[in-house]
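Residue numbers (numbering that gives the first Met the number 0): 0 to 193.
Even glycine gets a Cβ: it sits at the ideal position worked out from N, Cα and C.
Input: a single structure, listed below in structure tokens.
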Amino acid sequence: MAGDPSNAQVWERADVYIGALDAAIPEAGAPFGADWDAVGLLNGDDGFTETVSVDAEDHFAWGGILVATSRSNFKLTRTFTAYEDNATVFDLLWPGHEIVFDGTAGYEGDVNVPNLQARFKIGFQLRTGQGSDAVIKRVISRNYAQVGERGDSQESETTLASREVTVDIYPEAADEEGVSKLFYTYKGPEVIGS
């Protein structure tokens with residue numbers, strides 16, 4: 000049989016973490032630190048959607064012969080659906096809000112027009128298995144992310160209230176070799192924090 004089933008995964012649980020621009024990236028399976036806040040419950044049916052877009056332009060010689068295709072304007076977005084009304088979700092969707100949370104699912108205050116240029120780090124984590132058999136997979140922005148699209152908010156008597164969020168992930172500045180790091184990724188055992 001060709002292929003390795005251990006390289007294929009159905010993920011049992013997931014988390015999204017939001018951090019300040021100076022938040023430390025947890026490497027080698029270490030837990031997210033106190034400088035990261037969890038978004039909370041997520042829509043597992045929607046999962047995480049990653050989209051890459053690139054502008055392409057074909058260049059033809061006389062006679063209609065394709066000579067080259069130039070590609071530019073690389074963009075990476077990731078989408079998830081949040082279920083909770085908590086401080087982390089409000090900070091993400093409505094940066095600059097004046098909401099006070101009471102710690103028991105209640106809140107009060109003003110929502111201002113959001114700062115559409117607000118920057119943050121974001122980490123996506125998937126998990127399957129238990130204990131020493133647990134495997135995690137992470138994608139964590141290296142530079143910063145911004146909310147690219149605030150999807151429709153749905154509240155009704157037959158569905159759980161939710162909000163779809165799409166974030167744009169921005170690369171670091173190019174190094175001396177012209178390489179721009181986009182995100183840190185890890186798949187392997189989870190290190191249990193103390």
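Out of the options, state which residue places its alpha-carbon closest to the alpha-carbon of residue i.
i: A172; options: V146, L65 and L181; result: L181
i: P94; options: G177, V146, V178 and G39; result: V146
i: E11; options: D132, P113 and E176; result: D132
i: F79; options: L91, G187, A144 and D45; result: D45
i: L198; options: I121, R70, T158 and E56; result: A query on residue 198 cannot be resolved here, the shown segment of the chain reaching from 0 to 193 and no further.
Could you pull out every residue in the same chain whose Cβ sits closer than 8 Å to the Cβ of residue i, ignoring the five residues on either side in sequence?
i: I98; result: A86, F89, Y106, E107, G108, D109 and V110
i: H96; result: F89, D90, G108, D109, V110, N111 and P113
Using C-beta distances below 7 Å, list every residue in its chain close to residue i, excluding the 5 sequence neighbours before and after it, in chain order.
i: D3; result: none
i: L115; result: none
If you count every other CB in all the chains shown that lies within 10 Å of the CB of residue i, and 16 or more means buried, which is it?
i: F73; result: exposed
i: D21; result: exposed
i: L65; result: exposed
i: F59; result: exposed
i: V38; result: buried
Skipping 5 residues on each side, what residues in its chain have a beta carbon closer than 6 Å to that of residue i?
i: R162; result: A81 and S152
i: E154; result: A160
i: D167; result: T76, Q145 and G147
Go to residue i, then tell me how far its beta strand (DSSP E) extends in each direction, as first and last residue.
i: L125; result: K120 to T127
For residue i, report the span of its alpha helix (DSSP H) as first-last.
i: D109; result: Not the alpha helix (DSSP H): D109 falls in the beta strand (DSSP E), residues Y106 to D109.
i: T80; result: Unbroken run through T80 is the beta strand (DSSP E), I64 to A81; no alpha helix (DSSP H).
Three or more C-beta pairs closer than 8 Å, one from the stretch 48–56 and one from the stretch 15–34: is that the case here? no
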